[in-house]
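Numbering (our numbering), first residue to last: 1 to 163.
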């Protein structure tokens with residue numbers, strides 16, 4: 001399989017898994033009712049009209065759809081510019097694009113993003129998010145990791161005399 005086809009498949013699978021789980025959430029979870037899974041993890045169906053922690057919710061659907069499309073185009077451009085050796089970054093970019101497209105589908109179809117994962121303690125809770133958000137976060141971490149590893153490898157190489 002060609003690398004572009006593989007990373008395209010990763011993106012498509014991320015979108016498909018995200019959308020499938022959101023269909024299950026919509027069909028089976030009562031809105032704003034916490035379902036504890038572990039002492040620190042619950043399912044909690046809610047809607048997000050913004051992006052990342054409800055930021056930019058005042059921009060409106062059209063603005064957020066346009067912003068997401070620009071981000072997807074930019075991340076795709078960055079992915080295309082990577083070298084074949086940047087496997088971790090390419091995988092990360094595929095996850096970022098898959099997550100962004102999953103949330104873009106929600107925003108376009110429903111006018112909001114479906115969130116359902118809640119990390120919490122008795123006195124604190126993290127923002128409610130979804131699998132697409134997790135793909136974006138993990139993808140970004142992979143890109144940063146790959147850059148860090150490349151930097152570390154570069155530090156071990158002797159510098160040329162003209163530098």
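Ideal Cβ positions, reconstructed from N, Cα and C, are used throughout, including at glycine.
Delimiting residues of the beta strand (DSSP E) encompassing residue i
| i | result |
| --- | --- |
| residue 48 | 41–48 |
| residue 117 | 113–119 |
Three-state secondary structure assigned by DSSP to residue i
| i | result |
| --- | --- |
| residue 25 | helix |
| residue 35 | strand |
| residue 51 | strand |
Residues near residue i in its chain [Cβ-Cβ closer than 6 Å; skip 5 each side]
| i | result |
| --- | --- |
| residue 47 | 112 |
| residue 31 | 45 |
| residue 11 | 94, 97, 98 |
Beta-carbon separation (whole angstroms), residue i vs residue j, contact threshold 8 Å
| i | j | result |
| --- | --- | --- |
| residue 27 | residue 71 | Rounded, the Cβ-Cβ distance is 29 Å, inconsistent with contact. |
| residue 102 | residue 132 | 4 Å |
| residue 37 | residue 43 | 7 Å |
| residue 25 | residue 114 | 6 Å |
| residue 130 | residue 116 | 6 Å |
Limits of the alpha helix (DSSP H) - the one that residue i falls within
| i | result |
| --- | --- |
| residue 109 | 87–110 |
| residue 30 | Premise fails: residue 30 is in no alpha helix (DSSP H) and is neither H nor E. |
| residue 136 | 131–155 |
Contact set for residue i: own chain, Cβ-Cβ below 8 Å, skip 5 residues either direction
| i | result |
| --- | --- |
| residue 79 | 7, 89, 90, 93, 94, 97 |
| residue 135 | 14, 18, 95, 96, 98, 99, 102 |
| residue 126 | 118, 119, 120 |
| residue 68 | 51, 100, 103, 104, 107 |
Proximal residues to residue i (C-beta, below 7 Å), its chain only, five neighbours per side dropped
| i | result |
| --- | --- |
| residue 108 | 65 |
| residue 40 | 119, 120, 121 |
Runs of 3 residues minimum, wholly inside the region 59–86: which ones carry the beta strand (DSSP E) assignment? Those beta strand (DSSP E) runs which fall completely within the region 59–86 and span 3+ residues do not exist here.
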